[in-house]
Each structure stands twice: as C-alpha cells, then as structure tokens.
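Reading through the structure tokens given below for one structure.
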Amino acid sequence: MEETIDRGGSPSVAPVLSVDDLVIEYHLARGGVLRAVDGVSFEVAPSEIVGIVGESGSGKSSVGMVVAGFTRAAGGRLVFDGDTTESWPGASTSGRPGIQMIFQDSSTAVNPRMSVARIIAEAIARGGRITREHLDQSVGYLEKVGLDTALADRKPRELSGGQKQRVAIARALAANPSVLVCDESVSALDVSVRAKILNLLVRIRREENIAIIFISHDLAVVSQLVDRVVVMQNGAVVECGPVREVIDRPQHPYTQKLLNAIPRLERTTVTAQETDPRSTATKEEVS
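Our numbering puts the first residue of the sequence shown at 1210, with every later residue one more than the last.
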C-alpha cells in the first residue's frame, strides 16, 4: 500500500528565497553560447519543500547551482533573506552563505582524507581552525541525522551510500542554513535507503525550520515529498503549483508525459514518521 507524508503546509509569509527571470548560459569550447535556463521564476517560503522536476538537460541542476552560489547566472534576480543579487559576481567554491547543497554523489563534496567528525566540524568552524569543541559538537549532528556516533572516526570510504548521504546532510546542517538544495540526492540509493533519507529531510524541515529545494528527475518521489512543484523543460518552467494540483490536474503535456512515465507498481513510498531514525536503519546503512 502506498503511503504519503504529512507535508504540513506553508504559511502565507514572505519567502525566504525568491528567484525572478533567471537566465543561465554556458560558453561552449567550440565557440558560441548555450542558454541552459531562460526566464525561470519561483519562490520558497520558510520551512517549505519545493520540488524542481524535469528530465536530464532540463536545466534544473543549473538552477540549483546558481541558487547555492556555485554557478554564475547571466541574468535575473535572486532575493535571499532580504538580500538581492542582480549583478551576479563570480561563482564561489564555498557557495552562498545560508544555503547548503547536497549532491547526488556525496563523496565529491567531502574530503576523503578527513574523518566524519572533522568533515562536520569543518562546517561548524566555517573556515576557521577546527577545535576540540567543534569535534565534540559534530557528534550531536551525527545523532541528529540518525547515525551511530561510533562512525565519527571513520573515513568516507568506510561508509555505505546511505551513511555518506547522511553525513553530507549533517555537514550541511552544521553550517546553520536557512535553505537546503538537494540535487538528485537520493537517486543513487537503494529504494529502502532512499525512503529513509526522504523521511529524514521531512523531519529536518519540521524540526529545524529549514526550507528545502528538492531537485529530481523522478516525479514519483517528488510528488510524495514536496509542498509545491516546479516542472522544467528545455530550460523553462512549463508548470508550477501545489503538488497535488499539478499531479491530479496537470495543465501541460510535458507534465502529463512525466506522470505517464511513473511505474505504477514500483513507486517509492515515504512514510510519515521517523521517530528514531537509528532504529529503522537498513542492513545496507549499518554495514
């Protein structure tokens, strides 16, 4: 039986993040310019989960990279926590303060030579010297994402895929963000592990009051997780609205195409509660 999550509902308050008429271009090696994103606009309310869905090449990941501050936009406006960006300075290797990004392959976002504790402590220190206090605090973030504190001294290569993704989430939380950008962050995981990570994101939204932008090609997963959904095709938004309205009454043929592609008997399910995430860890996660 398919289960759904309790999404809560977003209050009618000023958005924590607003993207208006965003344009992203890439200069090609052979010359010329590729416009990957053209005129994308959306808003994210505090503690809201907004999904951005589309096939590969739709521009959804490029939007996430600009929002997180890792890619420069060619035009448009972004307002985050009251600060407006219109001049689009060069991209930053550290990203945009207050926004953290979680990638599909968490191994690329952490130092493989560091222990789990130091990976998290680095985010707590925010560029400063890592102290014993920071290392002690990192244990609390492991507990927050449902990992055994015994993993603190392990290196990323000693962890399973689900454990590494939880470490990436713990590291993101340690930076005290207002917004998490999750780019295909569960697509490489086994179905059972994927559901537990999704439940963790729901719990984080509820307990930490963090807004989440969830980027995925999988409308089945998005439909069970988010409050609102932005559908992208060929670099543009073709549909946007409350997720149940978009799923039940799609207005654009492309949205209907994505819905038709969902395997009806193999849809990922997300449960509403995760009271103690460590007690429900799968064999793959604790091995």
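Every residue gets a Cβ at the ideal spot worked out from N, C-alpha and C, and that includes glycine. Remember, it's a predicted structure, so these values are computed and weren't measured experimentally.
Pairwise C-alpha distance: residue j and residue i
i: Ala1445; j: Arg1366; result: 38 angstroms
i: His1343; j: Val1390; result: 24 angstroms
i: Val1440; j: Gln1372; result: 30 angstroms
i: Val1447; j: Ile1261; result: 11 angstroms
i: Ala1384; j: Gln1309; result: 8 angstroms
i: Asn1320; j: His1461; result: 43 angstroms
i: Ala1245; j: Gly1336; result: 32 angstroms
i: Met1323; j: Ala1381; result: 16 angstroms
i: Leu1434; j: Ile1419; result: 14 angstroms
i: Ala1397; j: Ile1311; result: 13 angstroms
Enclosing beta strand (DSSP E) for residue i [first to last residue]
i: Ile1261; result: Ile1258 to Val1262
i: Ile1233; result: Leu1226 to His1236
Limits of the unbroken alpha helix (DSSP H) element including residue i
i: Met1274; result: Lys1269 to Ala1277
i: Thr1464; result: Pro1462 to Asn1469
i: Ala1397; result: Here Ala1397 belongs to no alpha helix (DSSP H), and DSSP marks it neither H nor E.
i: Ala1420; result: Note, Ala1420: premise wrong, no alpha helix (DSSP H); beta strand (DSSP E) at Ala1420 to Ser1425.
i: Val1430; result: Leu1428 to Leu1434
Buried versus exposed call for residue i [16 or more other C-beta atoms within 10 Å across all chains shown]
i: Leu1287; result: buried
i: Cys1449; result: buried
i: Asn1408; result: buried
i: Lys1466; result: exposed
i: Val1242; result: exposed
i: Glu1331; result: buried
i: Gly1273; result: buried
i: Gly1285; result: buried
i: Asp1436; result: buried
i: Arg1458; result: exposed
i: Val1176; result: Here the chain comprises residues numbered 1210 to 1496, so residue 1176 is not present and cannot be evaluated.
Residue of the options minimising C-alpha distance to residue i
i: Tyr1350; options: Arg1341, Ala1377, Ser1387 and Ser1369; result: Ala1377
i: Ser1394; options: Ser1387, Ser1401 and Ile1406; result: Ile1406
i: Gln1442; options: Ala1397, Glu1264 and Ala1283; result: Glu1264
i: Ala1506; options: Val1348, Glu1417 and Ser1315; result: With the chain covering only 1210 through 1496, there is no way to say anything about residue 1506.
i: Ile1421; options: Gln1346, Asp1392 and Val1275; result: Asp1392
i: Pro1386; options: Ser1369, Ile1413, Val1400 and Gly1266; result: Ile1413
Are the segment 1219-1234 and the segment 1252-1260 touching, with three or more C-beta to C-beta distances below 8 angstroms?
-> yes
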